[in-house]
Structure formats: structure tokens, C-alpha cells
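Participant: Residue numbers (our numbering), protein chains in the order written: chain A, 1390 to 1655; chain B, 3 to 272. Built from N, CA and C at the ideal position, the CB exists for glycine as well.
1) Just verifying my parser: in three-state terms, what is the DSSP assignment at residue 1645(A)?
2) Going by Cα to Cα distance, which pick from 140(B), 144(B) and 113(B) is closest to residue 129(B)?
3) Quick check: the region 183-190 of chain B against the region 203-222 of chain B, are there 3 or more CB pairs under 8 Å?
4) I'd like to know whether the C-beta atoms of residue 61(B) and residue 124(B) end up nearer to each other than 7 Å.
5) Counting only beta-carbon atoms, is residue 95(B) nearer than 7 Å to chain A?
6) Give me the residue from 247(B), 255(B), 257(B) and 235(B) with the minimum Cα distance to residue 45(B).
7) Given a cut-off of 7 Å on the beta-carbon distance, is the pair residue 1467(A) and residue 1398(A) in contact?
8) Can you tell me whether DSSP reads residue 186(B) as helix, strand or coil?
9) CB-CB under 6 Å to residue 73(B), same chain, minus the five flanking residues each way: which ones, in chain order?
10) Around the Cβ of residue 194(B), are there at least 16 other Cβ atoms within 10 angstroms (buried) or fewer (exposed)?
11) When we look at the beta-carbon of residue 34(B) and count the other beta-carbons within 10 Å, is it buried (16 or more) or exposed?
12) Using the DSSP secondary-structure output, state which residues sit across from residue 1590(A) in a beta bridge.
13) Does any residue of chain B bring its CB to less than 7 Å from the CB of residue 1562(A)?
14) Cβ of residue 1549(A) less than 7 Å from any chain B Cβ?
15) CA-CA distance, residue 250(B) and residue 240(B)?
16) At least one CB of chain A closer than 7 Å to the CB of residue 139(B): is that the case?
17) Could you check if residue 1611(A) is buried or exposed, using at least 16 other CB atoms within 10 Å of its CB as the buried criterion?
18) Count the other C-beta atoms from every protein chain shown that fall within 10 angstroms of the C-beta of residue 1609(A), then say buried if there are 16 or more, exposed otherwise.
19) Among 162(B), 153(B) and 81(B), which one has its Cα closest to the Cα of residue 219(B)?
20) Can you tell me the Cβ-Cβ gap for residue 162(B) and residue 206(B), rounded? I've got them flagged as a contact below 8 Å.
21) Could you check the C-alpha separation between residue 1518(A) and residue 24(B) for me, to the nearest Å?
22) Find the residues of chain A that neighbour residue 247(B), judging by a C-beta separation of less than 9 Å, and give them in chain order.
23) Are any of the Cβ atoms in chain A nearer than 7 Å to that of residue 84(B)?
24) Using a C-beta to C-beta distance shorter than 7 Å, which residues of chain B count as neighbours of residue 1545(A)?
25) Consider the Cβ of residue 1628(A): report whether some Cβ of chain E lies at a distance smaller than 7 Å.
26) May I have the straight-line CA-CA distance separating residue 42(B) from residue 55(B), to the nearest angstrom?
27) For residue 87(B), go through chain A and note every residue whose CB falls closer than 7 Å to its CB, in chain order.
28) Tell me, which residues are paired with residue 174(B) by DSSP?
29) Rounded to a whole number of angstroms, what is the C-alpha to C-alpha distance between residue 138(B) and residue 1528(A)?
30) Does the pairing of the region 1495-1508 of chain A with the region 1439-1453 of chain A give three or more beta-carbon distances under 8 Å?
31) Would you say residue 1574(A) and residue 1597(A) are within 7 Å of each other, going by their C-beta atoms?
32) Quick check on the burial criterion: 16 or more other C-beta atoms within 10 angstroms. Buried or exposed for residue 1614(A)?
33) List the residues of chain A that residue 251(B) touches, going by C-beta distances under 8 Å, in chain order.
34) Starting from the Cα of residue 64(B), find the closest Cα among 117(B), 160(B) and 166(B) and give me that residue.
35) May I have a chain-ordered list of the alpha helix (DSSP H) segments no shorter than 4 residues that lie completely inside the region 1482-1540 of chain A?
36) Give the C-beta separation of residue 107(B) and residue 50(B) to the nearest angstrom, bearing in mind that I take them to be a contact with Cβ-Cβ under 8 Å.
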């Protein structure tokens, strides 16, 4: 079965998929989010929450036709042209869907006015109560992405930036999410939706990275209006550790964890 | 006698002007200033000129000291990397923009002023970098006041005003030396007070309003004054003069810009 999920930014598409996975616990589940190759944050988060989920990378759409087993979640970002994705949907539906009328899911704010998602979906679910402006499609919000692979944040600085960002210091933010490395060697997940109380970071269940710059996904995606991109980039840079500082922290943490190689005496 | 005590103006002339007007309306007999006339804000020279022209007794703050002697704040004075970087930007801008006579005035400011049973410092009697936070251990707080040999210690630096009463207490200390018996020493400390007057130009209490304190030396009544002013003028000047725009955003929300020591007992060693 293939389930395509779409809706506005921050409405809870990934959350809906996570809930669906928890409820149905499918044996063979796959996930793909097209056009997110620059920063596949949702894929990384879902892959962490559900280690048995097979996460396909953008560009691997052809693999959707490979297997008829299990369930495949296709998360369609809000900025994706629904007409543009239609050929892929029809192709996969023809191959595998017994009841195609039930596999296009739109997650929308409660009492949402008529949107293109209403016409596209064959089932709708209520998501986060976003203040979706009536001209959302005519004047879509801006998206800012910062690729931050290898960057490590001073957590206190990151908290200052995050507070300022969410409070509007760099423009009106309706959605912000990110996976960010911090000095303790942990990666944290930030997940903000305007109008919701979710301003804290959560530690991801990833191994602590305590040797050099982390070689794994890290980045920030901000969606909003009048975003001050230059100031965002500069402030993020001001929050990051230099090589020297990172080395210093990592040495201290390794020493405190006593990460000397274990010797096994046989 | 009614005295007005203010601190931490940080180059915010609009705020200073509003506070001076309020002091005049409150009919204070004398004004004291606890330093940090400059730093972060866009009008360091105008603020110093005003304080000088009114001949207000003033102590040197940590920012005043840093402008005279060069950047001196050790990195543990900053709670975060970003606060440190912003602090350095503000220092650099101020350093480039202060007039020689402003620097000369700041250089000759004393670290402590005393008047009868009142003592005036910027941070603490030990250092103008030390934060006397309201939750500081009572014994340590009492020690700070006792070293001044006065009864009321006025300070600023934390940008959050408070008045703390240190009740008259008995202190019991046991001293054991290798060759002697344990000695029990008992001290009685008289009633002391710490009064933090907040900040005129860079408040951290969640509103942009300036704060200062009125103190009646006869009744010992403390009145915290919160004064509204046209902070948007200062915000506009911050941007116009090339200081970081985030300073204006934070000032408008009463968030301060950077510094706050995590450890109240920390004293800068440099």
C-alpha cells in the first residue's frame, strides 16, 4: 500500500506518519519525501524514531515500484507541485493499490478554508491549528535552509538564537525544524510550529560524536515571512565552536567518560 | 535626605534623560551613579557629558574600565559564545567612538564611593565584574557588605533590581588547627542591606523601561522606580550608527544584550 501525505508546513505530516506507524506497526515499511534532498530532516527523524523503517532518499522514487510488500509513506512537502507529482502517484497506485481512493491524505488545520489539498486528497485529517493565511497559496512563505553538517554549537548560544528566532527577531517564523550538533557530542532536534508550545530541543538517540567534526546530517529549515537570511546565517555562525574550542570540549568529555580502549584479558 | 541611585546606562541617552526628569519630579536631594555609562548603546559620549555636567558622583563600571584599559572580561563572564561575540562587537564599536575626554573621565572614576553608612559600587566591593545576584548565598552576601564597613550596599551590574535585607544574624565558626583544640568563635552581624538599582539603559526585566532606586536615608525606605521612555529612538540610533540590529530588538523587549554570570560567586581573576 502507498500512502501519500501532504499539507501546509508545520501541520503535522511527519507526526501523522509516526502515529500511523505506531498504530499499525507494519513489518515492511518504507518512507520517501521527494524534493528534500538538500536537508532530509523529517526522514532522519523518522529513521531515528523507527529504526526498522526503510528510508529511501530523494531520487530513489523508481524503487517505489520494486516491491509490492508492506506500506510505503510518501511525504509530500507543502512546496511540492501536486500536479507535478501526479504521474508518480498514478504509476505507483496502478501497480499496488487495491483501493486507491483511500491513499491520499491531507493533513490540514481545523476549520481550514478550501485549499488545493482538499481537491487532491481523498481523506483529510485535522492537524495542528495553524493560522493559515487565506492567501497562503498565492503568497507562499519563504523557506530558508542552512546546511550545517560538521558545525557544532555552543548550546547556550543555540538556545539564545532559537529564542530570538521563534520570537521574531529574524522575521515571522511559522515553522522551524532542525537537527543540530552540540558541544556535548549529542545531536538535538528542534521542532517549532507557530502557536504551539514546543520551543525546547530534544536529544536524538544518536551516538555521541567525540572525535573531530561530526560527519552526519545537520541543518536547519525555517519557513516564514520577511526572513532575514543574512542575519540568520551570521548568527548561526556566531553560535558555532571553532576547531580549537571543539577539540577542547571533546577532550574534556572523552576524559570524563574515560573512553580509553578496553583491554580484554583472555 | 532622599537620594536617587542609578546604574548601567550603557550609552542610552534617551533612557538617562527620562530618568533624570523623573528624579527631578521625585525631588531627590542627590544623585549617585554606579557606572557602566558606556557599552552597547549608541550615545556613550552624550551620556558621559550629561553625567559630568550634572556633577553626579559616579563609580566605575566594568564596561567603563574595559574602555579605559582594553577588553578585560574573561570568557567565563559570558554565559555563551554568542554573548561573548556580541560583547566584543559592542566593545569594539564603543572603543572606536568614544572621545578622548570621555575616556579620560571614565579613567578617573573610583571603584567605590562611601557616604556615611552607605556604600556605592558597580558589581561588588571586590570587583566591578562580580554579580551580586539576589539568590547569592547569604553568608557570602553578608561578607560583601561587611567588607565595606557600611550598612547599605548599593550595586548594579545584574540589570535586575532588588532589595535584600540581611537580618542581624549570629555566625558560629569552628576553627581546628593541627596543634590546638577546636575553637568555637561566635560573631554577631548587624542588620545589613543590599540594594540593586537595576539598569537605566539596558534592562533585563522583560520590559524596555528604565529602572533606578530612590532611598530615604531617614526612613530607610526603598522605592524602585520604573520609567517609560521613547526606547524606539534608541533602537533607531543603534541601527543607524551601525551597531548590531539584534541589540535594538533585544532592548525593545527588555532582554539585555549579553552578559550574565552563571556563577554568582565568580570573580574575574584578570
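Facilitator: Per the coordinate set shown:
1) DSSP, read as helix, strand or coil, puts residue 1645(A) in helix.
2) When C-alpha distances from residue 129(B) are compared across 140(B), 144(B) and 113(B), the shortest belongs to 113(B).
3) Contact annotation: the region 183-190 of chain B does not touch the region 203-222 of chain B, with fewer than three C-beta pairs closer than 8 Å.
4) Going by C-beta atoms, residue 61(B) is nearer than 7 Å to residue 124(B).
5) Output row for residue 95(B): interface = no.
6) Here the closest residue by C-alpha is 235(B).
7) In this structure, residue 1467(A) places its C-beta atom within 7 Å of the C-beta atom of residue 1398(A).
8) Strand, per DSSP.
9) Contacts found: 93.
10) Buried.
11) Counting Cβ neighbours within 10 Å, residue 34(B) comes out buried, since at least 16 surround it.
12) According to the DSSP secondary-structure assignment, residue 1590(A) is paired through a beta bridge with 1579(A).
13) Taking a beta-carbon distance threshold of 7 Å, residue 1562(A) does not count as an interface residue toward chain B.
14) Contacts with chain B at 7 Å (Cβ-Cβ) include residue 1549(A).
15) Residue 250(B) and residue 240(B): Cα-Cα distance of roughly 6 Å.
16) No, residue 139(B) lies away from the interface with chain A (no Cβ there is under 7 Å from its Cβ).
17) Answer is buried; the Cβ neighbour count reaches 16.
18) Result: buried.
19) Comparing Cα-Cα distances from residue 219(B) to each of 162(B), 153(B) and 81(B), the minimum goes to 153(B).
20) Contact between residue 162(B) and residue 206(B) holds: CB atoms are separated by about 5 Å, below the 8 Å threshold.
21) Looking at the two C-alpha atoms, the distance is approximately 46 Å.
22) Within 9 Å Cβ-Cβ: 1558, 1617 and 1620.
23) Interface residue, yes.
24) What residue 1545(A) touches in chain B: 81 and 82.
25) Note that chain E does not occur in the displayed structure, where the protein chains are A and B.
26) Answer to the nearest angstrom: the Cα atoms are 22 Å apart.
27) Contact annotation for residue 87(B) against chain A: 1627 [CB-CB distance below 7 Å, chain order].
28) Bridge partners of residue 174(B): 188(B).
29) The alpha-carbon separation between residue 138(B) and residue 1528(A) amounts to approximately 52 Å.
30) No, they do not touch.
31) Yes, the Cβ-Cβ distance between residue 1574(A) and residue 1597(A) is below 7 Å.
32) Residue 1614(A) is exposed by the Cβ-count criterion.
33) Chain A residues near residue 251(B): 1553 and 1558.
34) The shortest CA-to-CA distance from residue 64(B) to any of 117(B), 160(B) and 166(B) is the one to 160(B).
35) Fully enclosed alpha helix (DSSP H) runs of 4 or longer: 1505-1509.
36) 6 Å between Cβ atoms; contact.
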